[in-house]
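Take a look at the structure below.
In our numbering, the protein residues as written are 16 to 192.
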């Protein structure tokens, strides 16, 4: 019974969080943290940091990757399926509805203005998500090295090289301890 209850809870959490992901999966990180770690205490701070790091590092949408890993951690395969279903159903529905309305009203200046305002709001939400991740990070010389290298590299190379550089610095750190 507990497994079914956990899967339904995971489904419901991601079903509620999903509509807040306008602007991409990074926008949902603070809400996932609040629901999964603080409110329901399904996983720990360290586990969510690991899950978020892994979700960002592998191919695919961070929202779906995060849902998959959280669901799997909480309740195995059934939890993963529940979380991924919970995050996809509202998003799919919203995209269908908004796509239709945009196709019939894209030339309207009010619609264009609203889309511009939403874009600015999304930037604010992404910055807030970065702040949450930063707040829970251990700040040391390796953190600063990865941050500086990552920012510089992002101007010149594909993001995969930034991730690989971060992984290399992390491996070097663990090997030389």
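Cβ coordinates follow ideal geometry from the N, Cα and C atoms, glycine included. Just so you know, these numbers come straight off a predicted model, no measurement behind them.
Query                                                                                                                             : Result
Alpha carbon to alpha carbon, how far is residue 7 from residue 184?                                                              : Since the first residue of the chain shown is 16 and the last is 192, residue 7 is not available in this structure.
In angstroms, rounded to a whole number, what distance separates the CA positions of residue 26 and residue 82?                   : 9 Å
Is the region 40 to 47 touching the region 75 to 93 in the sense that three or more CB pairs, one from each, lie closer than 8 Å? : yes
Quick one: what's got a C-beta closer than 7 Å to residue 64's C-beta in the same chain, skipping five residues either side?      : 151
Got a sec? Which residues, its chain only, sit under 6 Å from residue 178 by beta carbon, not counting five neighbours each side? : 72
Return the first residue and the last residue of the alpha helix (DSSP H) that residue 191 is part of.                            : Taken as a continuous stretch (DSSP letters only), residue 191 belongs to no alpha helix (DSSP H), as it is neither H nor E.
Whose CA, out of 107, 106 and 61, lies closest to the CA of residue 85?                                                           : 61
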